[in-house]
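Q:
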Amino acid sequence: MAERELPSKGNVTNQAGPAAPNDPETVTQVEVHHLTPNSSLRQRDLPLDTMRVWTMSFGPVVLRRTRRLIEQSNPETYNVVVLRRGLLRRVDNATEVTYGPGDLHVNDSSLPFRLDAHGASTISCVGVEAPKALLPLPRDRARSLIGRRVSAREGLGGLLTTVLDRVIADHVSYRNTDAPRVAVVLRDLLAGLFTQVLEDEKQYVPAEVHRRNLLLRMRTFIDQHLSDPELGPRLVADAHHVSTSHVHRLFGADGTTVAGWIRARRLERARRDLSDPAMNSVPVHHIAARWGFSHHAAFTRAFRAAYGVAPRDLRREALPRSTRTERQTIGESASTTSTTFPASMVPRR
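Take the sequence shown: its letter number 63 is residue 63 in UniProt numbering, and every next letter is one higher.
Shown next, in the form of structure tokens:
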């Protein structure tokens, strides 16, 4: 975990997040205006694959995410914030909400807001930032999540907070290859939390929103059962108490098929494992079977069609350069060096 002191005034990247696909320098910037002589502002970051867990502490301030800053840089992320100490008053074009310790709220890097932090000499919070593309959340429903006060003491909000605390407390014991695995846990928790918040407003929203929420729950269910070789429309339908035809209609209206969605998610998990040096000793066909592919040849064809490269080739390219060179050297030596025996094994004349 990298710790850094942030500037005491001006624009700061206090919510620096994963880089946008085409711009590695893109971060979420906010303006900081201190309200007291206490101008300290400390942030600690823990990158986890494409996500980021962070902690912040600062004196009373006003934080602004302006349209000008959004135009300058927008990493397209959600930032889930859990307040630990002090008070936060959030103001945007649609809402005005005050949060206390134990409250959770969501920010969107694409939307302007102002946060007035006060109520203590030092305000502190913890959070996680994730790319929007990582979460199966319909963009047209995201706005209802932003700024809403959610309890971080119970339910999925409480569970997410507990996991964040453990990640921060135990980060020194993690290996670099653990980051994608921890990120998967956090992503599933965020997807569940977002779904829960959307369900809470079910009685106030139209049928189209209910449809999108059901699709979100189905996609989350699929992500949690990718290793099940029986995963398919029937299993998804039974788990959500609807007909298989209804499942097909939901996915079809979103421009895909159930089978296509499952295959794409399985391929993505297999790609992640094949790119992980810690799993280099696991045979490719075992990884394929782990994610529900029963036929190795079919897996190889689907993988090549999706990523333009064979699974073994992707694994080889993912290895550190030193490891690839060592393997190549060993292979060349084995093909050109004659076999020798210890002196004790050579028959005496």
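C-beta: ideal position from N, C-alpha, C; glycine also.
This structure is a prediction, so every number in the text was calculated from the model and none was measured.
Rounded to the nearest angstrom, how far is the Cβ of V80 from that of C125, given a contact under 8 Å?
A: Going by Cβ atoms, the distance from V80 to C125 rounds to 10 Å, so no, they are not a contact pair.
Q: Would you kindly check if the distance between the Cβ of L35 and the Cβ of V62 is under 8 Å?
A: yes
Q: Classify D92 as helix, strand or coil using the three-state DSSP reduction.
A: Note: D92 maps to coil in three-state DSSP.
Q: Does R114 come out as helix, strand or coil in the three-state DSSP assignment?
A: Reduced to three states, the DSSP call for R114 is strand.
Q: Who are the Cβ neighbours of A302 in its own chain at under 8 Å, not counting the five residues just before and after it?
A: Contacts found: R263, L267 and F293.
Q: Measure the beta-carbon distance from A120 to G86 and round it to whole angstroms, keeping in mind my assumption that it falls under 8 Å.
A: 4 Å
Q: Which residues bound the alpha helix (DSSP H) around R85?
A: Segment T77 to R85 is the beta strand (DSSP E) holding R85; no alpha helix (DSSP H) there.
Q: State buried or exposed for E326, treating a residue as buried only when at least 16 other CB atoms are found within 10 Å of its CB.
A: The predicted position of E326 is uncertain, since its pLDDT is 47 and thus under 50; a value taken from the coordinates is nonetheless stated next. Exposed is the call here.
Q: So within the stretch 119 to 192, which uninterrupted alpha helix (DSSP H) runs reach at least 4 residues, ignoring any that extend past its ends?
A: The DSSP assignment places 139 to 142 and 155 to 170 as complete runs of the alpha helix (DSSP H) inside the stretch 119 to 192, in order along the chain (cut-off: 4 residues).
Q: For L48 versus A179, is the C-beta spacing smaller than 8 Å?
A: yes
Q: Within 7 Å: the Cβ of V242 and any heavy atom of the ligand NAD?
A: Among the components of this structure there are no ligands whatsoever, and the ligand NAD is therefore not found.
Q: Looking at C-beta atoms only, is the number of pairs between the stretch 230 to 240 and the stretch 185 to 196 that lie closer than 8 Å three or more?
A: no
Q: Would you check if there are 3 or more beta carbon pairs closer than 8 Å linking the stretch 91 to 108 to the stretch 145 to 160?
A: yes
Q: Does the distance from the C-beta atom of M56 to that of L186 stay below 8 Å?
A: no
Q: Taking C-beta to C-beta, are L314 and L274 nearer than 8 Å?
A: yes
Q: With 16 other CB atoms within 10 Å as the buried threshold, where does Q203 fall?
A: Any answer about Q203 is weak, because its pLDDT of 48 lies below 50 and its placement is not dependable; what the coordinates show is given next. Flag for Q203 reads exposed.
Q: Apart from the five residues on each side of it in sequence, which residues of its chain come closer than 7 Å, Cβ to Cβ, to V163?
A: V185, L186 and L189
Q: Hey, would you say R271 sits closer than 8 Å to Y307, going by beta carbons?
A: yes
Q: Between which two residues does the beta strand (DSSP E) holding E31 run?
A: T28 to H34
Q: Nearest to I168 by alpha carbon, out of R44, T300, S40 and M279?
A: Taking only the C-alpha atoms, the option nearest I168 is R44.
Q: Along the beta strand (DSSP E) that carries V53, what are the first and last residues, could you check?
A: M51 to F58
Q: Just mark A253 as buried or exposed, buried being the case when its beta carbon has 16 or more other beta carbons within 10 Å.
A: It counts as exposed.
Q: Going by DSSP in three states, H285 sits in which element: helix, strand or coil?
A: Shown here, H285 sits in a helix according to DSSP, grouped into three states.
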